[in-house]
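Residue numbers (our numbering), protein chains in the order written: chain A, 325 to 640; chain B, 895 to 1625. Backbone N, C-alpha and C define an ideal beta-carbon position, used for all residues, glycine too. In what follows, a single structure is set out as structure tokens and then discussed.
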Amino acid sequence: MKPFTYEKASSPAQAATAVARERGAKFIAGGTNLLDLMKIEVEAPPHLVDINGLGLDAIAPTDEGGLRVGALVRNTDLAADARIRRDYGLLTRALVAGASGQLRNKATTAGNLLQRTRCPYFYDTHQACNKRLPGSGCAALGGFSRSHAIVGVSNACIAVHPSDMAVAMRALDAAVETVKPDGTTRRIPIADFYKLPGSTPHVENVLAAAELITAVTLPKPVGGTHVYHKVRDRASYAFALVSVAAVLQPDGSGRVALGGVAPMPWRVEAAEANLPKGAKAVTSSLLAGARTTPQNAMKVALVERTLGAVIADAGA
Amino acid sequence: MKFDTPATTNPIDRLKVIGQPHDRIDGPLKTTGTAHYAYERHDAVPNHVYGYIVPATIAKGRVVNIDTATARRAPGVLAIVTAKEAGPLTKGQYNTAKLLGGPEVQHYHQALAVVVAETFEEARAAAGLVRVDYARSPGAFDLAAAKGRAVKPEDGQPDTAVGDFAGAFASAPVTLDAMYTTPDQSHAMMEPHATIAAWEGDKLTLWTANQMIHWGKGDVAKTLGLPPDNVRLVSPYIGGGFGGKLFVRADAILAALGAKAAGRPVAVALPRPVMFNNTTHRPATIQRIRIGATPDGKITAIGHESWSGDLPGGGPETAVQQTRLLYAGANRMTATRLATLDLPEGNAMRAPGEASGLMALEIAMDEMAEKLKLDPVDFRVRNDTQEDPEKPGRRFSQRNFVQCMRKGAEQFGWSKRSATPGKMRDGAWLVGMGVASAFRNNLVMKSGARVRLGTDGRATVETDMTDIGTGSYTIIAQTAAEMLGLPLSQVSVVLGDSSFPVSSGSGGQWGGNSSTAGVYAACVKLREAIAGALGMDAASAVFDDGKVSAGGRSVPIAEAAKSGEIVAEDSMEYGDLEKTFQQSTFGAHFVEVAVHAATGEIRVRRMLAVCAAGRILNPKSARSQVIGAMTMGVGAALMEDLYVDKRLGFFVNHDLAGYEVPVHADIPHQEVIFLDEADPVSSPMKAKGVGELGLCGVAAAIANAVYNATGVRVRDYPVTLDKLLDRLPTV
């Protein structure tokens, strides 16, 4: 870990200003991912701006009939909120499928969206990784890739986005609210929030430098049956091999988003029209153009089979 | 004391304290955080500083240059030691690769330097500033590719043969010939390797985490060129070892070198992401098993071959061991071959040999039973043997293997298993049951102890025996209490200090029986001294209820020490009973699994182990050993796999997020049954090891249950869903 300086922010805009002031500075909230990465020098921010004192921890109704979830609402509190459990069960299910109780107590809503990949070559600072060190190459291509992405990948990176919560947020059409150092705010639909790696895998989302997430909004409830099926080798405390988030309506329509298969929560709205035709049809459009390795090629069949189980569960 | 004839009745047989399910006496210390592990010995060494290791980041080659200039100028830095500063070091007897590398690099994350600074954070930050330039050499990292170049290892018995295996196999009416693989595995114990080192002149003390104090003392002395008497190891509490702490590792040597250079005591712990490649691991194996049998299920030919790899000078995984002894059969062969690999050093991990070997053999037995249309329990029972199949006439000291199988089958409800795979269903889940034999030899090791009777009538046991979480403190206290007729609360136990008598140490499941036998020997001597002090005949004196009685007199034991403490020291040594008797431990593992019919997710639902392992010294701590081992077996079956990057030559998933071991949610109800045994051939304790037996066979029982659930036979561990997916029922 490299030495760093630290300050507590007094307001969201001040926090953004403080991060903008020093190149490489970062916000810290729960720190469940950032601190680990700092210890092994994958991240080496010279300055940390602590936003834990900013409030931003309420879950409040919006004028549109949805909910605004403060950036600092802890994963545990979000999962347990009665309104979330009632109207956005998918989100609760995804949250409790992730991490451990202790981590969820600490991890925040905004921080969860910004988790870095768990690719082991990203974590080993002595290995080539374009995400960690642009231009150094990708050791995962041709190396260990069983857990890696099969869609949205590039020759520069096949890392997968590790979040469960973000997959549910994507299926629920959440939006990210931010503030910039100059005090301007904007609202980014989650569909537009993440960026595919292309030739710049170190750029993972559309946030500008020092732009701070203040909240995540959920549109008004869509009803339906909410299923989150996370498939992994270990029963708990492991990242998804694949996960399927689905909201299925009695008329056979619905929404599907995938985790564990792409550098971002993966949803192809057009594929959802195939839901009445079954898992195979949906999967073939969802995973069209998949680029697999011998180790992760099984994810294609696994998505189809898991989605089939999810549809069956929802109908049961 | 020498043990060379089977034990007769002795004070242990009273079973007033021994054999009782006493809570672990170190339990309250551990649950309240007051058992101080090596890295937290601030009480012993108040002013220590910190060392942080710099690991090699290539698998094989040479260090061209180490630039430590920037690191030396970093805040708080006191010293940096590389191979150059350290000067010549001798490799320890029990190490294969050097613990401080350079200029030659032998494996990924081999330590190349230690940076010593005032604080941990300063040492870690400065270690990140050391720049190393390398010249890489090509290496061999792929066992399958190196298999053809494997050779007979120099030590042990690489080849065994009885009868005419080839002929018998060729003519057997029913045969199996199959290949199996097991992956590299890591001990992944909770406590990382850690040491605090302090010099006083040329005398070195290491507060460390080490299973084998005497081996460790010798190898620290050898490595650093010190007389052994100048080295003291202190290791009273160890947060798990599983074989990973049998040997001196880089933390100890680098702490010693760092302390010398800095002129201050130094603490070094291996960071978790460095442990997987820096330390030892259980080597991967490729195994071929051939079994031939008559139509009624009598094995006529059994052959087991195993290939594994290690660094030059290393040894093989002896995966064929159990096949020499477990089943009957007139014609037999085993072969062990060793390939040179430039991966980190392979070495012992819990039940070395048998754990890997039974993973293969016990799937093969399941496959063979199916070919024979026999129940897998019945097939195993039919091939029981009461004598060493290689040496007819040499009997097992005790072998209640069949009883384990029968008892387990009854207890588990084995009769409800469908002989045809894929027939049991519970909603979306396919359900199956599996069985495997458990087998592990019982090793005995010379072990010593010193026992003091204080003027207050309390007894104190001192031995360099270790407690790696197994319950050594408790069974040693129980032994002394039984021998001296004292309540457990009147006995203190001090362990893990090389200034105490040399014990068996903890390894190979020999520690429980061997170390308590050493305490028994010392207690026999102490009883003689006590009787003498009381003017009683030692042979007829009865030690019970805090009193010594003989010849119509009965006096409190404290009387004997009223004019000063009485001290006795002895060790138990073993004769050649193994010539007449084969000593082994036996068991049966039963498992029920569920496999999701769509996704192939595998979850263990029930587990039962039945163990025949001699006298159980403490049923509570023994049960804990076995359920811990069963948990490790779930890991071996379903998830543990050090993934080798065959281009770069290292284990890629080198942290606890990437190297998965079971979590609570993976572990179902576990039941353990110990058969009521006492084996007079093992020692006066009549006990045997059990800590490794509990692991042996578990993974195969799970793999067999997965087959029974799905009809998919997986012969390559771990059994993960991707190996099932294309053969599961269509959704």
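How would you call residue i, buried or exposed, if buried means at least 16 neighbouring beta carbons within 10 angstroms?
i, result
"ASN959/B", "exposed"
"TYR330/A", "exposed"
"PRO505/A", "buried"
"HIS1558/B", "exposed"
"HIS553/A", "buried"
"GLN1280/B", "exposed"
"LEU1070/B", "buried"
"HIS1087/B", "buried"
"VAL627/A", "buried"
"GLU501/A", "buried"
"LEU1235/B", "buried"
"VAL1024/B", "buried"
"LEU1098/B", "buried"
"SER1065/B", "exposed"
Helix, strand or coil: how does DSSP classify residue i here?
i, result
"CYS1298/B", "helix"
"GLU501/A", "strand"
"LYS1265/B", "helix"
"ALA1195/B", "strand"
"ASN399/A", "helix"
"CYS443/A", "coil"
"ASN1407/B", "helix"
"GLN1004/B", "coil"
"GLU1239/B", "coil"
"PRO905/B", "helix"
Of all the options the options, which has the alpha carbon lying nearest to the alpha carbon of residue i?
i, options, result
"THR630/A", "VAL592/A, VAL580/A and ARG615/A", "VAL580/A"
"ASN1308/B", "HIS1483/B, ASP1438/B, LEU1389/B and ARG1182/B", "A small correction: the amino acid at residue 1308/B is Trp; Asn does not occupy that position in the sequence shown. Ranking the options by Cα distance to TRP1308/B, first place goes to HIS1483/B."
"ALA1249/B", "LYS1456/B, ALA1506/B and GLY1527/B", "GLY1527/B"
"GLY1585/B", "PRO1574/B, ARG1500/B, GLN1519/B and ASP1616/B", "GLN1519/B"
"ALA1313/B", "GLN1305/B, ALA1455/B and VAL1325/B", "VAL1325/B"
"GLN338/A", "GLY377/A, GLY355/A, LYS363/A and GLY354/A", "GLY377/A"
"ILE1257/B", "VAL1613/B, THR1624/B and ALA1595/B", "ALA1595/B"
"LEU414/A", "PRO521/A, ALA595/A and THR549/A", "THR549/A"
"ALA1425/B", "ARG1499/B, LEU1378/B, PRO1246/B and ILE912/B", "LEU1378/B"
"LYS1550/B", "LEU1120/B, PRO1167/B, ALA1593/B and LEU993/B", "The question names Lys, but residue 1550/B is Leu in the sequence shown. Considering only alpha carbons, the answer is PRO1167/B."
"ALA1490/B", "TRP1323/B, GLY1042/B and ILE906/B", "Just to set this straight, residue 1490/B is His in the shown sequence, not Ala. Selected option, being the one with the closest Cα: TRP1323/B."
"GLY1429/B", "ASP1438/B, ALA1455/B, PRO1130/B and ASP1272/B", "ALA1455/B"
"GLN1051/B", "GLY1095/B, PRO1210/B and PRO997/B", "PRO1210/B"
"GLY1446/B", "ASP1431/B, GLU1453/B and GLU1459/B", "ASP1431/B"
"LYS1582/B", "ILE1567/B, ASP1620/B and SER1291/B", "SER1291/B"
"GLN1216/B", "SER1129/B, HIS936/B and GLY1591/B", "GLY1591/B"
"HIS450/A", "HIS1003/B, VAL1009/B, VAL1008/B and GLU1012/B", "HIS1003/B"
"VAL1345/B", "HIS942/B, GLY1412/B, PHE1306/B and MET1339/B", "GLY1412/B"
"ASP1361/B", "ALA1462/B, SER1409/B and THR1230/B", "SER1409/B"
"ARG470/A", "TYR412/A, VAL566/A and LYS604/A", "VAL566/A"
Is the closest heavy atom of the ligand MG to the C-beta of residue i under 7 Å?
i, result
"HIS1175/B", "Annotation note on the ligand MG: not contained in the displayed structure, which lists no ligands."
Chain-ordered residues of the region 1529 to 1545 of chain B with a beta carbon less than 8 Å from chain A = Within the region 1529 to 1545 of chain B, the qualifying residues are LEU1532, MET1533, TYR1537, ASP1539, ARG1541 and LEU1542.
Quick one: which unbroken beta strand (DSSP E) runs of 3-plus residues sit fully inside the region 547 to 625 of chain A? Chain order, please.
-> DSSP runs (the beta strand (DSSP E)) wholly in the region 547 to 625 of chain A: 549 to 555, 566 to 572 and 578 to 583.
Could you name each continuous alpha helix (DSSP H) segment of 4 residues or more that falls completely within the region 1134 to 1191 of chain B, going from the start of the chain to the end?
-> Given a length threshold of 4 residues, each whole run of the alpha helix (DSSP H) inside the region 1134 to 1191 of chain B is given here in chain order: 1144 to 1156 and 1166 to 1172.
Name, going along the chain, the residues of the region 1032 to 1055 of chain B whose beta-carbon falls closer than 9 Å to a beta-carbon of chain A.
-> Result list empty, no residue passes.
Ranges of the alpha helix (DSSP H) found wholly within the region 1529 to 1609 of chain B, counting only runs of at least 4 | The region 1529 to 1609 of chain B is shown to contain whole alpha helix (DSSP H) runs of 4 or more residues at 1592 to 1604, in chain order.
Anything in the region 1119 to 1135 of chain B with a Cβ closer than 8 Å to a Cβ of chain A? List those residues in chain order, please.
-> Across the region 1119 to 1135 of chain B, no CB contact with chain A closer than 8 Å is found for any residue.
Mind checking the region 1592 to 1619 of chain B against chain A and listing, in chain order, the residues whose C-beta falls within less than 8 Å of any C-beta there?
-> Of all residues in the region 1592 to 1619 of chain B, PRO1612, THR1614, LEU1615, ASP1616 and LEU1619 have a Cβ within less than 8 Å of some Cβ in chain A.
Identify every run of the beta strand (DSSP E) within the region 496 to 542 of chain A, keeping only runs that are complete inside it and at least 3 residues long; order them along the chain.
-> If we require 3 residues or more, the beta strand (DSSP E) runs fully inside the region 496 to 542 of chain A come out as 499 to 503, 509 to 513 and 536 to 542.
Where are the alpha helix (DSSP H) runs, 4 residues long or more, that stay fully inside the region 1006 to 1065 of chain B, in chain order?
-> Complete alpha helix (DSSP H) runs here, min 4: 1014 to 1021, 1037 to 1040 and 1059 to 1065.
Quick one: which residues of the region 608 to 630 of chain A get their C-beta closer than 7 Å to a C-beta of chain B? List them in chain order.
-> Residues passing the 7 Å Cβ filter: MET622, ALA625, LEU626, ARG629 and THR630.
Quick one: which residues of the region 1305 to 1333 of chain B get their C-beta closer than 8 Å to a C-beta of chain C? List them in chain order.
-> Chain labels in this structure do not include chain C; the protein chains are A and B.
Which residue spans inside the region 1440 to 1524 of chain B form an unbroken beta strand (DSSP E) run of at least 3?
-> Runs of the beta strand (DSSP E) inside the region 1440 to 1524 of chain B: 1441 to 1444, 1447 to 1450, 1460 to 1468, 1478 to 1490 and 1496 to 1506.
Output the residue ranges of the beta strand (DSSP E) runs that lie fully inside the region 1329 to 1395 of chain B and measure 3 residues or longer, sorted by chain position.
-> Within the region 1329 to 1395 of chain B, the complete beta strand (DSSP E) runs of at least 3 residues are 1341 to 1347, 1353 to 1356 and 1385 to 1388.
Contact residues within the region 1092 to 1113 of chain B, judged by C-beta distance below 7 Å to chain A | So the list is empty, because no residue satisfies the distance condition.
Residues of the region 1016 to 1033 of chain B whose Cβ lies closer than 8 Å to any Cβ of chain A, in chain order | Of all residues in the region 1016 to 1033 of chain B, ARG1018, ALA1019 and GLY1022 have a Cβ within less than 8 Å of some Cβ in chain A.
At a Cβ cut of 8 Å, what residues of the region 432 to 459 of chain A count as close to chain B, listed as they run along the chain?
-> Using a CB distance below 8 Å, the part of the region 432 to 459 of chain A facing chain B consists of ARG442, PRO444, TYR445, TYR447, ASP448, HIS450 and GLN451, ordered along the chain.
Would you list, in chain order, the members of the region 559 to 592 of chain A that have their beta-carbon closer than 7 Å to a beta-carbon of chain B?
-> So the close ones are ALA559, SER560, TYR561 and ALA562.
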